[in-house]
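Asks:
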Amino acid sequence: MRCVALTLTPVEPGKFPGGAQIGVSHGIIRCRWSAGPQGRLPTCAGSIPRMDVATGALPRGLGLVERVVRGELDSRGGPGVVRLAEESGLDKGQASRLLRDLVGTGTLARDGNEFRAGADLLAVAAEAGPWGVESRALLRELVVRFGACAYVDVLCGAMVLSVRAELAAWAEFSWARAGRLTPVWCTGAGRALLFDHSRAEVAQLLGGEDFIGAGGPYAPRTVDDLLARVAADAGRGVAVCESEYDEDVLEVAAPVRDPRGGVVAAVSAVVPHAAARDDRDEIVAAIGDAAARLAILLG
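Taking the numbering used here as reference, the numbering of the sequence shown is continuous, increasing by one, and the terminal residue is 302.
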(Lines of atoms letter the chains of each structure in order from A and count residues from 1; the text may use other names and numbers.)
(Lines give C-alpha, C1' and ligand atoms only; values in the text may rest on other atoms or scores of the structure.)
Protein backbone atom coordinates (compact mmCIF):
# COMPACT_ATOMS: atom_id res chain seq x y z
CA MET A 1 0.00 0.00 0.00
CA ARG A 2 1.24 3.49 -0.81
CA CYS A 3 2.75 5.39 2.09
CA VAL A 4 1.86 9.09 2.30
CA ALA A 5 4.89 10.64 3.95
CA LEU A 6 6.39 13.95 4.99
CA THR A 7 10.18 13.76 4.98
CA LEU A 8 12.15 16.08 7.24
CA THR A 9 15.86 16.54 6.55
CA PRO A 10 18.50 18.67 8.32
CA VAL A 11 19.19 21.64 6.05
CA GLU A 12 19.44 24.72 8.26
CA PRO A 13 21.41 25.68 11.38
CA GLY A 14 19.48 25.21 14.58
CA LYS A 15 19.31 23.42 17.90
CA PHE A 16 17.85 20.07 16.94
CA PRO A 17 19.85 17.24 15.36
CA GLY A 18 18.61 14.62 12.97
CA GLY A 19 15.93 14.11 10.39
CA ALA A 20 12.56 12.43 10.55
CA GLN A 21 9.97 10.75 8.42
CA ILE A 22 6.31 10.88 9.26
CA GLY A 23 3.90 8.86 7.18
CA VAL A 24 0.70 6.88 7.02
CA SER A 25 0.65 3.28 5.84
CA HIS A 26 -2.20 0.84 6.37
CA GLY A 27 -4.00 3.67 8.13
CA ILE A 28 -1.33 4.05 10.81
CA ILE A 29 0.79 7.15 11.28
CA ARG A 30 4.47 6.23 11.42
CA CYS A 31 7.28 8.46 12.67
CA ARG A 32 10.95 7.57 12.19
CA TRP A 33 13.94 9.62 13.29
CA SER A 34 17.44 9.24 11.86
CA ALA A 35 20.73 10.65 13.07
CA GLY A 36 22.06 13.80 11.48
CA PRO A 37 24.81 16.38 11.97
CA GLN A 38 24.82 18.02 15.38
CA GLY A 39 23.29 21.46 15.45
CA ARG A 40 21.08 21.08 12.38
CA LEU A 41 17.38 21.86 12.37
CA PRO A 42 15.04 19.39 10.60
CA THR A 43 12.93 21.16 7.97
CA CYS A 44 10.73 20.00 5.12
CA ALA A 45 12.40 19.23 1.82
CA GLY A 46 11.19 17.93 -1.51
CA SER A 47 7.93 18.78 -3.23
CA ILE A 48 6.02 19.67 -0.07
CA PRO A 49 6.07 23.40 0.86
CA ARG A 50 8.79 24.03 3.42
CA MET A 51 7.81 24.07 7.08
CA ASP A 52 10.27 24.57 9.94
CA VAL A 53 9.70 21.82 12.49
CA ALA A 54 11.17 21.21 15.93
CA THR A 55 10.33 18.21 18.05
CA GLY A 56 7.72 20.15 20.04
CA ALA A 57 5.86 21.24 16.90
CA LEU A 58 4.71 17.71 16.09
CA PRO A 59 2.33 17.18 19.03
CA ARG A 60 1.09 20.78 18.81
CA GLY A 61 0.39 20.40 15.10
CA LEU A 62 -1.42 17.09 15.57
CA GLY A 63 -3.47 18.67 18.34
CA LEU A 64 -4.52 21.51 16.05
CA VAL A 65 -5.48 19.09 13.28
CA GLU A 66 -7.64 17.10 15.69
CA ARG A 67 -9.39 20.24 16.95
CA VAL A 68 -10.07 21.42 13.40
CA VAL A 69 -11.61 18.08 12.42
CA ARG A 70 -13.76 17.96 15.55
CA GLY A 71 -14.63 21.63 15.14
CA GLU A 72 -16.18 21.07 11.72
CA LEU A 73 -19.07 19.36 13.51
CA ASP A 74 -19.54 22.25 15.94
CA SER A 75 -22.73 24.29 15.60
CA ARG A 76 -20.60 27.45 15.88
CA GLY A 77 -18.93 26.62 12.57
CA GLY A 78 -15.34 25.72 11.81
CA PRO A 79 -12.74 26.98 14.30
CA GLY A 80 -10.59 30.04 13.66
CA VAL A 81 -7.14 31.02 14.89
CA VAL A 82 -8.29 32.60 18.17
CA ARG A 83 -10.48 29.66 19.18
CA LEU A 84 -7.84 27.10 18.24
CA ALA A 85 -5.16 29.01 20.15
CA GLU A 86 -7.32 29.19 23.28
CA GLU A 87 -8.24 25.50 23.16
CA SER A 88 -4.63 24.46 22.52
CA GLY A 89 -3.01 26.62 25.17
CA LEU A 90 -0.91 28.37 22.50
CA ASP A 91 -0.51 32.07 21.92
CA LYS A 92 -2.14 33.42 18.79
CA GLY A 93 1.18 33.81 16.97
CA GLN A 94 2.22 30.20 17.59
CA ALA A 95 -1.15 28.87 16.47
CA SER A 96 -1.18 31.09 13.39
CA ARG A 97 2.27 29.92 12.26
CA LEU A 98 1.45 26.24 12.75
CA LEU A 99 -1.88 26.60 10.96
CA ARG A 100 -0.23 28.42 8.06
CA ASP A 101 2.25 25.58 7.64
CA LEU A 102 -0.46 22.92 7.90
CA VAL A 103 -2.44 24.72 5.19
CA GLY A 104 0.70 24.95 3.07
CA THR A 105 1.21 21.18 3.21
CA GLY A 106 -2.42 20.44 2.32
CA THR A 107 -3.19 18.94 5.73
CA LEU A 108 -5.67 21.73 6.47
CA ALA A 109 -7.58 24.19 4.28
CA ARG A 110 -8.72 27.72 5.10
CA ASP A 111 -12.15 29.10 4.24
CA GLY A 112 -12.25 32.74 5.28
CA ASN A 113 -11.54 32.79 9.02
CA GLU A 114 -12.36 29.10 9.46
CA PHE A 115 -10.19 26.01 9.05
CA ARG A 116 -11.21 22.58 7.82
CA ALA A 117 -9.58 19.31 6.78
CA GLY A 118 -7.40 19.70 3.70
CA ALA A 119 -7.30 17.58 0.57
CA ASP A 120 -4.16 15.67 1.58
CA LEU A 121 -5.59 14.79 5.00
CA LEU A 122 -8.81 13.56 3.39
CA ALA A 123 -6.79 11.45 0.95
CA VAL A 124 -4.93 9.82 3.84
CA ALA A 125 -8.22 9.21 5.65
CA ALA A 126 -9.66 7.56 2.54
CA GLU A 127 -6.63 5.25 2.35
CA ALA A 128 -7.10 4.28 5.97
CA GLY A 129 -10.37 2.59 4.99
CA PRO A 130 -12.15 0.99 7.93
CA TRP A 131 -9.11 1.28 10.21
CA GLY A 132 -9.84 4.79 11.42
CA VAL A 133 -13.55 4.15 11.97
CA GLU A 134 -13.01 0.80 13.66
CA SER A 135 -10.21 2.07 15.90
CA ARG A 136 -12.42 4.87 17.21
CA ALA A 137 -15.24 2.42 17.91
CA LEU A 138 -12.91 0.08 19.78
CA LEU A 139 -11.46 2.91 21.86
CA ARG A 140 -14.93 4.20 22.71
CA GLU A 141 -15.85 0.72 23.94
CA LEU A 142 -12.92 0.87 26.37
CA VAL A 143 -13.94 4.33 27.57
CA VAL A 144 -17.53 3.29 28.23
CA ARG A 145 -16.76 -0.11 29.74
CA PHE A 146 -13.86 0.82 32.02
CA GLY A 147 -13.90 4.61 32.34
CA ALA A 148 -10.49 4.57 30.67
CA CYS A 149 -8.69 6.98 28.43
CA ALA A 150 -7.95 4.83 25.39
CA TYR A 151 -5.25 5.35 22.76
CA VAL A 152 -3.65 4.10 19.58
CA ASP A 153 0.06 4.83 19.96
CA VAL A 154 3.17 4.56 17.78
CA LEU A 155 6.88 4.70 18.49
CA CYS A 156 8.58 8.03 17.76
CA GLY A 157 12.23 7.75 18.67
CA ALA A 158 12.44 7.26 22.44
CA MET A 159 8.93 8.65 22.84
CA VAL A 160 5.41 7.31 22.36
CA LEU A 161 3.16 9.37 20.09
CA SER A 162 -0.61 9.04 20.63
CA VAL A 163 -2.21 9.24 17.18
CA ARG A 164 -5.78 8.56 18.27
CA ALA A 165 -7.38 9.23 21.65
CA GLU A 166 -10.79 8.76 23.21
CA LEU A 167 -11.00 10.37 26.62
CA ALA A 168 -12.92 9.58 29.78
CA ALA A 169 -14.75 12.30 31.69
CA TRP A 170 -12.05 12.51 34.36
CA ALA A 171 -9.25 13.38 31.92
CA GLU A 172 -8.06 16.85 31.04
CA PHE A 173 -7.82 17.35 27.27
CA SER A 174 -4.69 19.45 27.64
CA TRP A 175 -2.55 16.45 28.62
CA ALA A 176 -4.56 13.40 27.52
CA ARG A 177 -5.19 14.43 23.91
CA ALA A 178 -4.09 12.84 20.67
CA GLY A 179 -0.70 14.20 19.67
CA ARG A 180 0.79 13.86 23.14
CA LEU A 181 4.32 12.52 23.54
CA THR A 182 5.23 10.37 26.54
CA PRO A 183 8.43 8.47 27.42
CA VAL A 184 8.73 4.96 26.03
CA TRP A 185 10.36 3.65 29.20
CA CYS A 186 7.61 4.40 31.76
CA THR A 187 4.37 3.82 29.82
CA GLY A 188 2.37 0.73 29.01
CA ALA A 189 2.23 1.63 25.33
CA GLY A 190 5.99 2.11 25.30
CA ARG A 191 6.56 -1.36 26.70
CA ALA A 192 4.18 -2.96 24.18
CA LEU A 193 5.94 -1.17 21.32
CA LEU A 194 9.29 -2.61 22.50
CA PHE A 195 8.18 -6.26 22.59
CA ASP A 196 10.20 -7.22 19.51
CA HIS A 197 13.22 -5.03 20.24
CA SER A 198 16.49 -6.71 21.15
CA ARG A 199 18.52 -5.73 24.21
CA ALA A 200 20.98 -3.91 21.92
CA GLU A 201 18.18 -1.99 20.18
CA VAL A 202 16.63 -0.86 23.46
CA ALA A 203 20.03 0.12 24.86
CA GLN A 204 20.75 2.17 21.73
CA LEU A 205 17.31 3.78 21.79
CA LEU A 206 17.70 4.86 25.42
CA GLY A 207 21.46 5.32 25.49
CA GLY A 208 21.20 8.98 26.44
CA GLU A 209 18.28 8.58 28.85
CA ASP A 210 18.93 9.30 32.53
CA PHE A 211 15.46 8.08 33.64
CA ILE A 212 15.02 11.26 35.68
CA GLY A 213 12.32 13.91 35.43
CA ALA A 214 9.45 11.67 34.35
CA GLY A 215 7.61 8.64 35.60
CA GLY A 216 5.78 7.61 38.73
CA PRO A 217 7.10 5.93 41.89
CA TYR A 218 7.41 2.48 40.28
CA ALA A 219 8.91 3.53 36.95
CA PRO A 220 12.04 1.67 35.80
CA ARG A 221 15.25 3.60 36.43
CA THR A 222 17.73 1.62 34.35
CA VAL A 223 17.79 -0.06 30.95
CA ASP A 224 18.19 -3.49 32.58
CA ASP A 225 15.14 -2.89 34.78
CA LEU A 226 13.11 -1.84 31.74
CA LEU A 227 14.26 -4.86 29.72
CA ALA A 228 13.22 -7.25 32.50
CA ARG A 229 9.74 -5.72 32.56
CA VAL A 230 9.46 -5.79 28.76
CA ALA A 231 10.39 -9.48 28.74
CA ALA A 232 7.83 -10.32 31.42
CA ASP A 233 5.07 -8.42 29.61
CA ALA A 234 5.99 -9.84 26.20
CA GLY A 235 5.60 -13.33 27.62
CA ARG A 236 1.90 -12.73 28.23
CA GLY A 237 1.41 -10.49 25.20
CA VAL A 238 0.12 -7.49 27.16
CA ALA A 239 1.95 -4.78 29.12
CA VAL A 240 0.58 -3.91 32.56
CA CYS A 241 2.05 -0.88 34.34
CA GLU A 242 0.93 0.41 37.73
CA SER A 243 2.14 3.77 39.05
CA GLU A 244 4.90 3.87 36.45
CA TYR A 245 3.86 6.92 34.46
CA ASP A 246 1.88 8.55 37.27
CA GLU A 247 1.05 7.56 40.84
CA ASP A 248 -1.96 5.25 41.27
CA VAL A 249 -2.55 5.07 37.51
CA LEU A 250 -2.93 1.71 35.76
CA GLU A 251 -1.90 1.37 32.11
CA VAL A 252 -2.59 -1.70 30.01
CA ALA A 253 -1.34 -1.97 26.41
CA ALA A 254 -0.98 -4.55 23.66
CA PRO A 255 0.89 -4.42 20.34
CA VAL A 256 -0.91 -4.21 17.00
CA ARG A 257 0.90 -6.35 14.43
CA ASP A 258 0.91 -6.03 10.65
CA PRO A 259 0.43 -9.07 8.35
CA ARG A 260 4.16 -9.87 8.57
CA GLY A 261 4.00 -9.99 12.36
CA GLY A 262 5.82 -6.71 13.02
CA VAL A 263 4.67 -4.35 15.76
CA VAL A 264 3.33 -1.19 14.09
CA ALA A 265 1.26 0.35 16.90
CA ALA A 266 -0.14 -0.28 20.35
CA VAL A 267 -3.61 -0.05 21.86
CA SER A 268 -3.60 1.23 25.43
CA ALA A 269 -6.03 2.02 28.23
CA VAL A 270 -5.25 4.33 31.15
CA VAL A 271 -7.39 4.26 34.31
CA PRO A 272 -7.07 6.07 37.66
CA HIS A 273 -7.20 4.60 41.18
CA ALA A 274 -5.15 1.56 40.21
CA ALA A 275 -4.97 0.15 43.73
CA ALA A 276 -8.75 -0.01 44.00
CA ARG A 277 -9.41 -1.65 40.61
CA ASP A 278 -10.84 -5.15 40.77
CA ASP A 279 -11.31 -5.45 37.00
CA ARG A 280 -7.73 -5.46 35.73
CA ASP A 281 -8.07 -8.98 34.34
CA GLU A 282 -11.03 -7.79 32.28
CA ILE A 283 -9.05 -4.76 31.08
CA VAL A 284 -6.12 -6.98 30.06
CA ALA A 285 -8.43 -9.28 28.09
CA ALA A 286 -10.22 -6.35 26.43
CA ILE A 287 -6.97 -4.68 25.36
CA GLY A 288 -5.65 -7.92 23.88
CA ASP A 289 -8.89 -8.37 21.97
CA ALA A 290 -8.84 -4.77 20.69
CA ALA A 291 -5.28 -5.16 19.40
CA ALA A 292 -6.17 -8.41 17.64
CA ARG A 293 -9.25 -6.87 16.01
CA LEU A 294 -7.25 -3.91 14.71
CA ALA A 295 -4.53 -6.21 13.39
CA ILE A 296 -7.11 -8.08 11.30
CA LEU A 297 -7.91 -4.84 9.46
CA LEU A 298 -4.28 -4.58 8.33
CA GLY A 299 -4.45 -7.88 6.44
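Positions of the beta carbon are idealized from the N, C-alpha and C atoms, including for glycine.
Kindly list the residues whose CB is nearer than 6 Å to the CB of Gly109, restricted to its own chain and excluding five residues on each side of it in sequence; keep chain order.
Replies: Gly121, Ala122, Asp123.
Asks: Buried or exposed: where does Ile299 fall if 16 or more other Cβ atoms within 10 Å of its Cβ makes it buried?
Replies: Flag for Ile299 reads exposed.
Asks: Taking Cβ positions, are Ser246 and Val252 nearer each other than 8 Å?
Replies: Contact: yes.
Asks: According to the neighbour-count rule (16 or more other Cβ atoms, all chains shown, within 10 Å of its Cβ), is Ser138 buried or exposed?
Replies: Buried is the call here.
Asks: By how many angstroms is the C-alpha of Gly264 removed from the C-alpha of Asp284?
Replies: Taking the straight line joining both Cα atoms gives about 25 Å.
Asks: Hey, Pro223 and Glu250 are a contact pair by Cβ (cut 8 Å); roughly how many whole angstroms apart?
Replies: In fact, because the Cβ distance is near 15 Å, the residues do not count as touching under 8 Å.
Asks: Are the region 145 to 162 and the region 192 to 199 in contact at 8 Å, needing three or more beta carbon pairs?
Replies: Result yes; three or more Cβ-Cβ pairs closer than 8 Å.
Asks: Which of the three DSSP states is assigned to Ala288 in this structure?
Replies: Three-state DSSP puts Ala288 in a helix.
Asks: Looking only at its chain, what residues have a beta carbon closer than 7 Å to the beta carbon of Lys95, apart from the 5 residues adjacent to it on each side?
Replies: Cβ within range, chain order: Val84, Val85, Ala88.
Asks: Got a sec? Which residues, its chain only, sit under 6 Å from Ala153 by beta carbon, not counting five neighbours each side?
Replies: Within the same chain, Ala153 has close Cβ partners Leu142, Leu145, Val146, Glu169, Ala272.
Asks: For Pro262 and Leu164, what's the separation of their Cα atoms in angstroms?
Replies: The straight-line gap from Cα to Cα measures roughly 22 Å.
Asks: Among Arg280, Leu229, Leu65, which one has its Cα closest to the Cα of Val106?
Replies: It is Leu65.
Asks: Counting C-beta neighbours from all protein chains within 10 Å, is the total for Asp227 16 or more, i.e. buried, or is it exposed?
Replies: Asp227 comes out exposed.
Asks: Where does Ala174 sit, in a helix, a strand or coil, going by DSSP?
Replies: In this structure, Ala174 counts as coil in the three-state DSSP scheme.
Asks: When you compare the CB positions of Leu197 and Val233, do they come within less than 8 Å of one another, or not?
Replies: Yes, Cβ-Cβ distance for Leu197 and Val233 is below 8 Å.
Asks: Kindly indicate which three-state DSSP category Arg33 falls into: helix, strand or coil?
Replies: Since pLDDT at Arg33 reaches only 40, below the 50 mark, its modelled position is unreliable, and no value is offered.
Asks: What does the Cβ neighbour count give for Trp173, buried or exposed, with the cut at 16 atoms within 10 Å?
Replies: By the 10 Å Cβ count, Trp173 comes out exposed.
Asks: Spatial neighbours of Asp236 within its chain, please: CB distance less than 8 Å, with the 5 preceding and 5 following residues excluded, ordered by chain position.
Replies: Closer than 8 Å at Cβ, skipping near neighbours: Arg194, Ala195, Phe198, Ala242, Val243.
Asks: Got a sec? Which residues, its chain only, sit under 6 Å from Gly182 by beta carbon, not counting five neighbours each side?
Replies: Answer for Gly182: Pro62, Leu65, Gly66, listed in chain order.
Asks: Please look up how many angstroms separate the CB atoms of Gly81 and Gly74, rounded, as I've assumed it's under 8 Å.
Replies: Right, the Cβ-Cβ distance comes to about 6 Å (below 8 Å), so this counts as a contact.
Asks: Under the three-state reduction of DSSP, which class applies to Pro258: helix, strand or coil?
Replies: Of the three classes helix, strand and coil, the one that applies to Pro258 here is strand, per DSSP.
Asks: Do the CB positions of Pro275 and Val266 come within less than 8 Å of each other?
Replies: Not a contact, by the Cβ cut-off of 8 Å.
Asks: Where do the N-terminal and C-terminal ends of the beta strand (DSSP E) with Ala118 fall, by residue?
Replies: Note that residue 118 corresponds to Phe in the displayed sequence, not to Ala. Where Phe118 is concerned, the enclosing beta strand (DSSP E) stretches over 117 to 120.
Asks: Would you mind sorting Arg70 into buried or exposed? The rule is 16 or more other CB atoms within 10 Å of its CB.
Replies: Counting Cβ neighbours within 10 Å, Arg70 comes out buried, since at least 16 surround it.
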